[in-house]
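For the sequence shown, the positions run 1 to 179 when our numbering is used.
A virtual CB, placed ideally from N, CA and C, is assigned to each residue, including glycine.
Below you'll find the structure, written out as structure tokens, and then a few comments.
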Amino acid sequence: MINIAKLIAGIVAISFFGSAQATERETPLRTVNNAPIFLYYNDGVISRDGRFRLVFQTDGNLVLYQGQSPLWSSETTPTYFSISQPGGPNTNGPFVTNMVNYACVAVFQGDGNLVVYGATGLASSGNPCQRTSFASMKPFWNSRTSAYPGSTLEVQDDGNLVIYDTSSIARWNSRTCCR
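Okay, here's the thing in structure tokens:
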């Protein structure tokens, strides 16, 4: 779990979605003092040779690209669903509410886990991320590497996205090597 005190900067930044310029970072990403690294919409991490790019897209999908071709994704695009509730005394059937799950931010946490966090809201209201505090968001996808604090996230020149622990052992990868 992320320490909320360390996330104040992230919470402030989330409240200003769309007002910040996209950030392009160079690989590898390393957390400092277990502080998380946030990737907001259109933020990216580029390989050393510039051929590969990890980007957190505005549709909430975290995608690894070679040029314009996607190699891997977190598969966290918006999902829509309905909630049906019994109707009241003056209705002729159930009451249906259309909802959406929307990924809001990708975070490389100090514990070594890469996580895509999101929010749920009314589908008719659009993207719920701007109306949701980070503390209220839920993990939609993660690399399952939270046991490796101090890890690095690297977009390699061979096309593989890898999380290495402090002993340089690969703990997770996108299986997109050797391009």
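Any chain B beta carbon closer than 7 Å to residue i
i	result
SER73	Among the chains of the structure shown, chain B does not appear; only one protein chain is present.
Residue i vs residue j beta-carbon contact at 7 Å
i	j	result
TYR41	THR27	no
ILE134	GLY118	First, the amino acid is wrong: residue 134 is Phe here, not Ile. No, the pair does not count as a contact, with Cβ atoms beyond the cut-off.
GLY110	ALA35	yes
PHE38	VAL107	yes
SER84	VAL100	no
CYS104	MET137	yes
GLU102	ASN142	The sequence given here places Tyr at residue 102; Glu does not occur at that position. No, they are not a contact pair.
ASP157	SER73	no
THR79	GLY60	no
Assumed close pair residue i, residue j - CB separation to whole angstroms, cut-off 8 Å
i	j	result
VAL155	ASN173	Not a contact, Cβ separation roughly 11 Å.
THR132	LEU29	At roughly 24 Å, the Cβ-Cβ gap does not stay under 8 Å, so THR132 and LEU29 are not in contact.
GLU75	GLY44	Going by Cβ atoms, the distance from GLU75 to GLY44 rounds to 18 Å, so no, they are not a contact pair.
LEU71	LEU62	Contact doesn't hold; Cβ gap of about 12 Å is too wide.
Residues of its chain near residue i, where Cβ-Cβ distance is below 6 Å and the 5 sequence neighbours each way are ignored
i	result
ARG171	THR145, TYR148, ILE163 and ASP165
PHE52	GLN66, VAL155 and GLY159
ALA22	ASN42 and ASP43
VAL116	LEU62, SER74, THR76, ALA103, ALA106, PHE140 and TRP141
SER69	none
Beta strand (DSSP E) segment containing residue i, residue limits
i	result
ASN173	170 to 173
TYR80	79 to 85
TYR65	62 to 66
SER69	69 to 73
ARG182	Not covered by the structure: residue 182. The range shown for the chain is 1 to 179.
Same chain, Cβ closer than 7 Å to residue i, neighbours up to 5 away in sequence not counted
i	result
GLY93	GLY87
Residues of its chain near residue i, where Cβ-Cβ distance is below 8 Å and the 5 sequence neighbours each way are ignored
i	result
ILE169	none
ALA123	TYR80, ASN98, MET99 and VAL100
THR120	MET99, VAL100, ASN101, TYR102, PRO128 and LYS138
SER82	VAL96, THR97, ASN98 and MET99
What are the complete beta strand (DSSP E) segments, minimum 3 residues, inside the stretch 92 to 164?
-> 95 to 108, 114 to 122, 138 to 142, 152 to 155 and 161 to 164
Counting only runs of 3+ residues fully inside the stretch 30 to 55, write out the beta strand (DSSP E) ranges in chain order.
-> 37 to 39 and 44 to 46
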